[in-house]
Ligand SMILES: Nc1ncnc2c1ncn2[C@@H]1O[C@H](COP(=O)(O)OP(=O)(O)OP(=O)(O)O)[C@@H](O)[C@H]1O
Ligand SMILES: [Mg+2]
């Protein structure tokens, strides 16, 4: 490929030769240096594509070396090697400009994969560079608000899996923050400076879909005047987000399956497949499993996509997030509209907290945006919200009424009834929320029904 050599810097000769061997075997040309000073001499003199350096060295440390390289030849990428247990050094090195790090002990595969990844980001065959700018639809950093345990747990897990390359499936109702979670995962992936390419599968015209996703060669079909890279290729080592994946046509589903299985892409009219390096995040607001049962979505593809699944609960099931979200959106729209921060009245907050929010966070956001626009005074009041009165149905302010003198049994009934209302009578979901089995829930409901019937007969008897 005509790539400039990789320079290995380590004071231990065994380490140097082990790394040299592994990289030479993988087809790279390699040079080595026993100290930072030596390394700098070579860097000034010879072309070097990449430096792999130990952090702990006598004389000049790896950190100092990074600093010097960034001064004299900032285009050279640096990978640092650090001992397990001193990951903070690696983090520091990344902040100083290292492209990646290797934790000792590491396998040769990891070494080679990391080198390829870092070199891959720098340059592929010339053409790609051009398109990179166009695609680098920089993930606009949006604040993600979370206070409710359910969402916090999701974020924690998301952060943990973000650095892996596993395919992720995000499900949830419309407006729950699925795209935001995808962006969050990309931001915590450790490759966030790589492209983030999002694609709405429902918006793809049939005829263009394949070339959008997989690209085409020049002359592959009438109108294919130039070579075009597909989204998977454009994403490089970054993230491809496939939104509304359930809407993919069957032929595209088959092609996607191949991409995920073989990690290879076939450009239309291409003679050989190209490797696929991106991480895939699929999003769906319909239950994909149900789509499989209805034969709208391929089962084999479902299993490929559903490697790490996330389901974002609707807002009405995580009402604890509401106050913070309200404050966040009020602040956001006050800023956008260049007005002083509004005070949020308790009454308005209570109204907001009691809504059903079928459109979830998007609906809440729109409600606040509209309110901020129309308010003249300094305070957000219920009348600024224009909430449909009927919409609070079932939510009952999310508070269940407990009074002294109530039996535990009555409280339980109240809680179960309210929970069921909140989840639109979805018993599985209600059981989950209540922390009881679906069978227990069913038995309780049967019990209530019997009680009700009994009391009805009694009243009827008394009345008659
Ligand atoms: N936790 C959150 N904190 C702050 N803003 C949020 C949060 N969740 C969602 N939002 C905002 O709500 C709006 C909707 O979120 P997003 O587009 O991610 O939802 P979605 O699940 O992809 O919706 P759809 O299914 O309709 O495409 C966005 O403006 C987003 O920034
Ligand atoms: Mg979306």
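Numbering (this note's numbering), first residue to last: 42 to 505. Just so you know, even glycine gets a beta-carbon here, dropped at the ideal spot from N, CA and C. Quick caveat, the model's predicted, so the values are computed rather than measured.
Limits of the beta strand (DSSP E) - the one that residue i falls within
i, result
"residue 72", "71 to 74"
"residue 280", "280 to 284"
"residue 345", "Segment 340 to 346 is the alpha helix (DSSP H) holding residue 345; no beta strand (DSSP E) there."
"residue 262", "Residue 262 -> no beta strand (DSSP E), and no H or E assigned at all."
"residue 212", "209 to 213"
"residue 124", "118 to 124"
"residue 272", "Taken as a continuous stretch (DSSP letters only), residue 272 belongs to no beta strand (DSSP E), being part of the alpha helix (DSSP H) at 272 to 275."
"residue 241", "237 to 241"
Option in the options with minimal Cα separation from residue i
i, options, result
"residue 215", "250, 274, 284", "284"
"residue 196", "205, 206, 185", "185"
"residue 268", "275, 60, 276, 259", "259"
"residue 189", "405, 457, 360", "360"
"residue 319", "92, 227, 448", "227"
"residue 149", "266, 62, 355", "62"
"residue 427", "418, 448, 457, 392", "392"
"residue 97", "89, 90, 107", "107"
"residue 313", "92, 324, 209, 257", "257"
"residue 386", "419, 95, 474", "419"
"residue 340", "298, 261, 494, 70", "298"
"residue 121", "52, 129, 139, 493", "139"
"residue 292", "266, 323, 231, 251", "251"
"residue 194", "491, 374, 205, 351", "351"
"residue 487", "129, 457, 232", "457"
Distance, residue j Cα to residue i Cα
i, j, result
"residue 67", "residue 376", "54 Å"
"residue 362", "residue 409", "15 Å"
"residue 295", "residue 342", "8 Å"
"residue 498", "residue 489", "14 Å"
"residue 389", "residue 414", "16 Å"
"residue 105", "residue 74", "15 Å"
"residue 338", "residue 287", "6 Å"
"residue 421", "residue 383", "6 Å"
"residue 304", "residue 310", "18 Å"
"residue 87", "residue 58", "20 Å"
"residue 416", "residue 423", "11 Å"
"residue 159", "residue 83", "21 Å"
"residue 72", "residue 112", "21 Å"
"residue 46", "residue 381", "58 Å"
"residue 118", "residue 103", "13 Å"
"residue 50", "residue 60", "10 Å"
"residue 482", "residue 451", "15 Å"
"residue 53", "residue 80", "14 Å"
"residue 493", "residue 356", "32 Å"
"residue 123", "residue 211", "34 Å"
"residue 217", "residue 398", "10 Å"
"residue 169", "residue 315", "For residue 169, the pLDDT reaches just 23, beneath the cut-off of 50, and the residue's location in the model is therefore unreliable, although a value from the coordinates is still provided. The straight-line gap from Cα to Cα measures roughly 13 Å."
"residue 403", "residue 464", "19 Å"
"residue 322", "residue 225", "11 Å"
"residue 136", "residue 374", "33 Å"
7 Å Cβ shell around residue i - same chain, five flanking residues per side excluded
i, result
"residue 200", "229"
"residue 100", "76, 77, 78"
"residue 151", "143"
"residue 242", "283, 284, 285, 286, 288, 289"
"residue 114", "84"
"residue 454", "489"
"residue 231", "204"
Neighbourhood of residue i by C-beta, 6 Å cutoff - its chain only, sequence neighbours within 5 removed
i, result
"residue 254", "271, 272"
"residue 406", "370"
"residue 249", "none"
"residue 202", "349"
"residue 496", "none"
"residue 474", "460"
Neighbourhood of residue i by C-beta, 8 Å cutoff - its chain only, sequence neighbours within 5 removed
i, result
"residue 240", "253, 254, 272, 281, 282, 283, 284"
"residue 469", "479"
"residue 191", "354, 358, 359"
"residue 378", "413, 414"
Residue i, enclosing alpha helix (DSSP H) - first and last residue
i, result
"residue 95", "Premise fails: residue 95 lies in the beta strand (DSSP E), 91 to 95, not in any alpha helix (DSSP H)."
"residue 112", "103 to 113"
"residue 225", "219 to 228"
"residue 66", "54 to 66"
"residue 349", "Taken as a continuous stretch (DSSP letters only), residue 349 belongs to no alpha helix (DSSP H), being part of the beta strand (DSSP E) at 349 to 353."
"residue 402", "401 to 415"
"residue 463", "449 to 463"
"residue 470", "468 to 475"
"residue 249", "247 to 255"
"residue 49", "No alpha helix (DSSP H) contains residue 49, which is instead part of the beta strand (DSSP E) from 47 to 50."
"residue 327", "From DSSP, residue 327 is part of no alpha helix (DSSP H); its letter is neither H nor E."
Closer than 8 Å to chain D by CB, residue i
i, result
"residue 92", "The structure shown contains no chain D; it is built from a single protein chain."
*Do the segment 341 to 361 and the segment 316 to 333 touch if we need at least three Cβ pairs shorter than 8 Å?*
yes
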